[in-house]
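First to last, the sequence lines map onto chains A and B. With numbering that gives the first Met the number 0, the residue at position 146 of the first sequence is 145, and numbering never jumps. With numbering that gives the first Met the number 0, the residue at position 20 of the second sequence is 19, and numbering never jumps. Glycine residues also receive a C-beta, built at the ideal position from the N, C-alpha and C atoms. Since we're looking at a predicted model, the values are computed, not measured. Here the structure comes first, spelled out in structure tokens, and everything after it is commentary.
There are 2 protein chains.
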Amino acid sequence: MRPTMEDVAARAGVSRALVSLVMRNSPKVSDTRRAAVLRAAEELGYQPHVMARSLASRTSTVLGVMVNDLRNAFFADIVEELDSAAQAAGFDLILNTGGRSPTREWNALHNLLSFRPAGIILLSPVVPASAIQVAARQCPVVLVSRTARSSTVDTVNDDGEAGSALAVDHLVGLGHRRIAHLDGGGAAGAAQRRRGFEAAMRRHGLEPIVVRSEHTDIGGETAVRQLLAAYSRPDLPTGLVSGNDFNAVGAISALEEAGLRVPEDVSVVGYDNTSLAALRHLSLTTVDQPRKDMARLAFEALIERVRGERTEPVRHLLHPSLVVRATTAEVSATGGSSR
Amino acid sequence: MRPTMEDVAARAGVSRALVSLVMRNSPKVSDTRRAAVLRAAEELGYQPHVMARSLASRTSTVLGVMVNDLRNAFFADIVEELDSAAQAAGFDLILNTGGRSPTREWNALHNLLSFRPAGIILLSPVVPASAIQVAARQCPVVLVSRTARSSTVDTVNDDGEAGSALAVDHLVGLGHRRIAHLDGGGAAGAAQRRRGFEAAMRRHGLEPIVVRSEHTDIGGETAVRQLLAAYSRPDLPTGLVSGNDFNAVGAISALEEAGLRVPEDVSVVGYDNTSLAALRHLSLTTVDQPRKDMARLAFEALIERVRGERTEPVRHLLHPSLVVRATTAEVSATGGSSR
DNA sequence: TCTATTGATTAGAGCGCTCTAATCTTGTAG
DNA sequence: CTACAAGATTAGAGCGCTCTAATCAATAGA
Chain A
0 MRPTMEDVAA
10 RAGVSRALVS
20 LVMRNSPKVS
30 DTRRAAVLRA
40 AEELGYQPHV
50 MARSLASRTS
60 TVLGVMVNDL
70 RNAFFADIVE
80 ELDSAAQAAG
90 FDLILNTGGR
100 SPTREWNALH
110 NLLSFRPAGI
120 ILLSPVVPAS
130 AIQVAARQCP
140 VVLVSRTARS
150 STVDTVNDDG
160 EAGSALAVDH
170 LVGLGHRRIA
180 HLDGGGAAGA
190 AQRRRGFEAA
200 MRRHGLEPIV
210 VRSEHTDIGG
220 ETAVRQLLAA
230 YSRPDLPTGL
240 VSGNDFNAVG
250 AISALEEAGL
260 RVPEDVSVVG
270 YDNTSLAALR
280 HLSLTTVDQP
290 RKDMARLAFE
300 ALIERVRGER
310 TEPVRHLLHP
320 SLVVRATTAE
330 VSATGGSSR
Chain B
0 MRPTMEDVAA
10 RAGVSRALVS
20 LVMRNSPKVS
30 DTRRAAVLRA
40 AEELGYQPHV
50 MARSLASRTS
60 TVLGVMVNDL
70 RNAFFADIVE
80 ELDSAAQAAG
90 FDLILNTGGR
100 SPTREWNALH
110 NLLSFRPAGI
120 ILLSPVVPAS
130 AIQVAARQCP
140 VVLVSRTARS
150 STVDTVNDDG
160 EAGSALAVDH
170 LVGLGHRRIA
180 HLDGGGAAGA
190 AQRRRGFEAA
200 MRRHGLEPIV
210 VRSEHTDIGG
220 ETAVRQLLAA
230 YSRPDLPTGL
240 VSGNDFNAVG
250 AISALEEAGL
260 RVPEDVSVVG
270 YDNTSLAALR
280 HLSLTTVDQP
290 RKDMARLAFE
300 ALIERVRGER
310 TEPVRHLLHP
320 SLVVRATTAE
330 VSATGGSSR
């Protein structure tokens, strides 16, 4: 059996309560006793039992994190950042996945709640708002990559409309006028990105072209094939704004397969600035969401609520930035197409 | 305050103990009472408090998972799989990251242990064996992608030597004779992969060429440049076995930059079969570690220990397989080089 | 010398649950 | 009708800790 506080107390010749004070760094302990307790604890290899502590103190150091899809590097980055923030602040992360299914996610959420965590962060959840509301009644909840109306939950999002606009402005600045958006269908944030694209195009007095697609490389390929079938070469869009990086990679494949060069014939912009985009082999121009900042803001918002320092909801809308790499260039003299 | 068992008991007009039995699906409860309790619980929105439960029962449903690096899709996949296995078996995952630093990892490990978890799974840990031993004295420990001698810990690894051999055999079968390995330096499993490469080459009566590199795309680029500088074109290796997929992608970039075509002039094989390799744009021939199986075996091994069904250590060494895609081809008639 | 006063220490209740052992109900056999 | 086994229910201790209030020791003031 692992040593308990009682064991340490006995060995140090003090009471359990004193050991408790030492373990919590209370200032009202004499140096002599503190040293004795610390030594006894060391000798026994004692470690406080967080669960017992949390039960007795009616407070929790546990933060629940639900990730919609860990495989998505975007969330993995956020989780890493949350983890280090939590560690620094003395909190422990409990993590689980929702597997993109509302049912599984609902289960996962329940599991988290049964720990009576101090707070919960949901990364791009797909459960209905009512489920989130249920959770919010039990502890502070922060949503990342998902909006909410409820005044009891905070949200952190990137401004998808601004992100798409960034991409469009960049392409227009390079002389492109026929620009298409390969949209992400029902994926999180896809609608925003599409709206931003359309608005930006209109602002430039251009006609937005939208191809329904998906946030996968296959989706990008298929969409480009559709584009190739629908337009004669001289009329083909010279600029593509993909819903995300995977989609962009697929689009590039299909373009090259069709004998079109990137960026000489067609420029392509991705979204998310995943590690994929940064690969020199691809060197994808893409929109970067400030992941670190998003994670940090989410964490801070949560902690503020946990500490009861704030009751007003907070809505962070972060500004993305454009990372220009090698898949975009000035539209060519020939009109950027034909051949 | 959230309702407790006492509240449910009061509302259902029974004792707390009875509620406890119902919550644990005990068969020795009359249907009438069970229904009453369930209804009361429902009405109050009662949920058992896992921590209190674990404290009282002296058992834990918590499994600790430490991930060396979540950003690495390989581990993300394993975690996802572990999560679903855990959920199915009624366990909860507590996760944290070591950030590839032994110190941070040691902290993370301590945090996990302070939950008195039922067991711990370490994914490619970098802490010293002694630290693992300390953990193993507290609860069952399973190591993934790391070997151990201690009889109290189980391990799950892929057979890196066999994996490299697979790559070599494939290339030799395609007629390649000058084959180089871009090794992963100090990365986990890199030594094994190199040994496997060397052994396989010798088995074929060929001289192994090893370039010290890293498990990154930059590493792959640099290594190929070294190769290009060291060999005249006709003598350049026609086959490359990279330490992992990232490295392979970097290698391909550098080759193409130098005017060499993949796979016409040089064939390249990666390792890990990350989602990267599967992108049609890259279509990288690579060695696949059976991640799902690895996760499942790790979970099973842990649960067996947790349940006390086994005390003998278990050493799973999984056989990788080769996924042939588009970056390898028969060595060309011209000798596979020059020009 | 005696009482405040301050700081250090401890007793003891209790967090929400489980578990053992005891108690209460039945149903059934004698 | 009694006795008793089997099943259903509950009392109560206790898991490892925290927290309040009480106790104790030591110094200072009168």
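In this structure B/Arg-32 is in contact with B/Val-13, their Cβ atoms being roughly 6 Å apart against a cut-off of 8 Å.
At a cut-off of 7 Å between C-beta atoms, A/Phe-90 does not count as an interface residue with respect to chain B.
Counting of Cβ neighbours within 10 angstroms places B/Pro-26 among the exposed residues, the total staying below 16.
The Cβ neighbour count for B/Arg-192, taken over all protein chains shown within 10 Å, is at least 16; the residue is labelled buried. Contiguous beta strand (DSSP E) elements confined to the region 266-294 of chain A occur at 266-270 and 284-287, taking only those with 3 or more residues. A/Met-200 carries a helical assignment under DSSP once its states are collapsed to helix, strand and coil. At a C-beta separation below 8 Å, B/Pro-47 has these neighbours in chain A: Ser-113.
Taking all protein chains shown into account, A/Asp-157 has 16 or more neighbouring C-beta atoms within 10 Å of its C-beta and is therefore buried. Secondary structure note for B/His-175: it is in no beta strand (DSSP E), with a DSSP letter that is neither H nor E.
The beta carbon of B/His-214 does not come within 7 Å of any beta carbon belonging to chain A, so the residue lies off that interface. Scanning chain B for C-beta atoms nearer than 9 Å to the C-beta of A/Thr-237 yields nothing, as the closest lies near 20 Å away. Note that the C-beta distance between B/Val-261 and B/Thr-326 is below 7 Å. A/Tyr-45 places its beta carbon less than 7 Å from that of A/Val-7.
Contact note: A/Glu-220 reaches chain B through Arg-279, using a C-beta cutoff of 8 Å and chain order. Residue pairing by DSSP places B/Gly-258 in no beta bridge whatsoever. Taking 4 residues as the shortest admissible run, the region 232-258 of chain B contains the following complete alpha helix (DSSP H) segments, listed from N- to C-terminal end: 244-256. With distances taken between CA atoms, B/His-214 lies nearest to B/Ala-250 out of B/Ala-250, B/Leu-227, B/Leu-235 and B/Phe-196. Under the three-state reduction of DSSP, B/Ser-56 is assigned to helix. Boundaries cannot be given for A/Met-0, as no alpha helix (DSSP H) includes it and DSSP labels it neither H nor E.
Judged by beta-carbon spacing, B/Pro-116 lies beyond the 7 Å limit of B/Val-305, meaning their Cβ atoms are not closer than that value. When DSSP states are grouped into helix, strand and coil, B/Leu-69 belongs to the coil group. With contacts defined as CB atoms closer than 7 Å, B/Asn-67 and B/Ser-123 qualify as a contacting pair.
When secondary structure is reduced to three states using DSSP, B/Val-49 falls in the helix class. Taking the beta carbon of B/Asp-82 as reference, the chain A residues within 7 Å of it are Asn-95 and Thr-96, listed in sequence order. B/Arg-70 has a beta carbon lying within less than 7 Å of a beta carbon in chain A. Between A/Arg-295 and B/Ser-83, the alpha-carbon positions lie close to 28 Å from each other. Taking a contact to require three or more Cβ pairs closer than 8 Å, the region 298-316 of chain B and the region 274-281 of chain B do not qualify as touching. Counting only residues of its own chain and dropping the five nearest sequence neighbours on each side, B/Leu-165 has a CB closer than 8 Å to the CB of Val-286, Pro-319, Ser-320 and Leu-321. For a cut-off of 8 Å, the C-beta gap from A/Ala-75 to A/Leu-81 is around 11 Å, too long to register as a contact. Taking the C-beta atoms as reference points, A/Val-64 is found nearer than 7 Å to A/Ile-120. When the five nearest sequence neighbours on each side are left out, the beta carbons in the same chain lying within less than 8 Å of the beta carbon of B/Ile-93 are those of Val-61, Leu-62, Gly-63, Val-64, Leu-111, Phe-114 and Pro-116, in order along the chain. By the Cβ rule, the region 168-187 of chain A counts as touching the region 197-209 of chain A, because three or more pairs are nearer than 8 Å. Annotation for B/Thr-96: the continuous beta strand (DSSP E) segment containing it runs 91-96.
Burial check for A/His-175: the Cβ neighbour count within 10 Å reaches 16 or more, so the residue is buried. Distance from the CA atom of A/Thr-273 to the CA atom of A/Val-267, rounded to whole angstroms, is 15 Å. The Cβ atoms of B/Ala-55 and B/Arg-10 lie no closer than 7 Å to each other.
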